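Here is the structure we will look at, set down as structure tokens.
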Amino acid sequence: GALVYQYPRRTICKSGTSMRMECQAVGFQATSVAWYRQSPQKTFELIALSTVNSAIKYEQNFTQEKFPISHPNLSFSSMTVLNAYLEDRGLYLCGAMTGENTLYFGAGTRLSVL
Amino acid sequence: QQQVRQSSQSLTVWEGETAILNCSYENSAFDYFPWYQQFPGEGPALLIAIRSVSDKKEDGRFTIFFNKREKNLSLHIKDSQPGDSATYFCAASEGTNAYKVIFGKGTHLHVLP
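Protein chains in written order, with the working numbering: chain A, 1 to 114; chain B, 1 to 113.
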């Protein structure tokens with residue numbers, strides 16, 4: 001079946017520092033990877049869509065300068081949160097798209113900022 | 001305006017009962033409707049999904065009933081178990097923007113033993 005691994009599962013960083021999270025699709029080729037953030041109130045925000053060999057599409061309120069993404073092949077993607085502050089807290093989810101346009105999420109990386 | 005609306009924030013049923021979670025949507029262009037199950041501390045796991053060309057999708061104890069004309073759908077969980085206690089998110093997406101999943105606010109299901 002389709003599995004998406006994300007690591008680390010949890011991370012704590014000091015305000016103003018950066019952290020990188022990784023996402024790996026296992027058992028299928030992820031044509032695209034969509035990065036989401038789930039707030040402490042459980043609402044979801046789409047950050048960006050990354051498709052191999054295409055430009056990354058960032059949603060409004062999210063930029064490459066703040067959330068740079070790397071997507072070198074069909075099974076791996078990473079995203080960095082630069083200069084993290086309190087408002088960046090949340091569960092960051094990697095959603096990998098299959099060829100049937102089905103989105104499978106990883107367990108998420110929970111970011112806490114001190 | 002919320003594009004995907006879940007009518008209940010919370011639902012409690014007894015073990016063995018059928019839990020019914022309701023959802024409605026605004027955008028007629030939505031054609032794919034996944035339901036995600038999320039346990040505390042975990043990411044949302046795809047539970048079952050339906051495309052707008054169908055009116056029913058069944059997978060074990062889980063069934064989606066879909067009404068395109070009324071723009072609503074429901075998830076039925078038969079023979080609910082305490083292990084089904086989780087937050088269930090109704091979601092929707094449209095065609096070529098399938099990655100842009102619009103989530104409802106979730107219904108927290110409690111199954112009492």
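Virtual Cβ for every residue (Gly too), placed ideally from N, Cα, C. Treat the numbers as computed from the prediction; the structure is a model and nothing was measured.
If contact means a Cβ-Cβ distance below 8 angstroms, which residues of the stretch 44-63 of chain B contact chain A? P44, A45, L46 and A49
Would you kindly work out how many angstroms separate the C-alpha atoms of R37 (chain A) and S75 (chain A), rounded to a whole number? Translated into the one-based positions of the first sequence, residue 37 (chain A) becomes position 37. Translated into the one-based positions of the first sequence, residue 75 (chain A) becomes position 75. CA-CA distance, R37 (chain A) to S75 (chain A), rounds to 20 angstroms.
Quick check on the DSSP output: the beta strand (DSSP E) that includes V13 (chain B) runs from which residue to which? To locate residue 13 (chain B), count along the second sequence from 1; it is residue 13. Run containing V13 (chain B): S10 to W14, per the beta strand (DSSP E) assignment.
Are the C-beta atoms of E94 (chain B) and some chain A residue less than 8 angstroms apart? For the purposes of this step, residue 94 (chain B) is identified with residue 94 of the second sequence, where counting begins at 1. No - not a single Cβ of chain A is within 8 angstroms of the one on E94 (chain B).
Quick one: using the 10 Å Cβ neighbour count with 16 as the cut-off for buried, is G95 (chain A) buried or exposed? As a first step, residue 95 (chain A) must be located in the first sequence, where it is residue number 95. Per the 10 Å Cβ criterion, buried.
Is the stretch 16-28 of chain B touching the stretch 68-83 of chain B in the sense that three or more CB pairs, one from each, lie closer than 8 angstroms? The stretch 68-83 of chain B is in contact with the stretch 16-28 of chain B.
Assuming E15 (chain B) contacts S80 (chain B) under a Cβ cut-off of 8 angstroms, what Cβ separation, rounded to an integer in Å, is found between them? Residue mapping note: residue 15 (chain B) aligns to position 15 of the second sequence, counting from 1. Residue mapping note: residue 80 (chain B) aligns to position 80 of the second sequence, counting from 1. 6 angstroms between Cβ atoms; contact.
Which runs of the beta strand (DSSP E) fall wholly inside the stretch 56-107 of chain B and span at least 3 residues, in chain order? 56-59, 62-67, 72-77 and 86-92
Using a Cβ cut-off of 9 angstroms, pull out every chain A residue sitting near G83 (chain B), in sequence order please. As a first step, residue 83 (chain B) must be located in the second sequence, where it is residue number 83. Going along chain A, no residue has its Cβ under 9 angstroms from G83 (chain B), so there is no contact; the nearest lies around 18 angstroms.
Ordered list of beta strand (DSSP E) runs contained in the stretch 1-38 of chain A, each at least 3 residues: 3-7, 10-13, 19-26 and 32-38
Following the continuous beta strand (DSSP E) through E45 (chain A), name the residue where it begins and the one where it ends. Within the first sequence, numbered from 1, the residue matching residue 45 (chain A) stands at position 45. F44 to T51 is the extent of the beta strand (DSSP E) around E45 (chain A).
Residue span of the beta strand (DSSP E) that contains V53 (chain B), given as start and end: Here residue 53 (chain B) refers to the residue found at position 53 when the second sequence is read from its first residue. Looking at the DSSP string, V53 (chain B) is not in any beta strand (DSSP E), and its letter there is neither H nor E.
Taking beta-carbon pairs under 8 angstroms, can you tell me which members of the stretch 42-76 of chain A lie near chain B? Taking 8 angstroms as the upper bound on Cβ-Cβ separation, chain B lies near residues K42, T43, F44, L46 and L49 of the stretch 42-76 of chain A.
Run through chain A and tell me which residues come within less than 7 angstroms of V101 (chain B), C-beta to C-beta. Within the second sequence, the letter at position 101 stands for residue 101 (chain B). By Cβ distance, chain A contributes L103.
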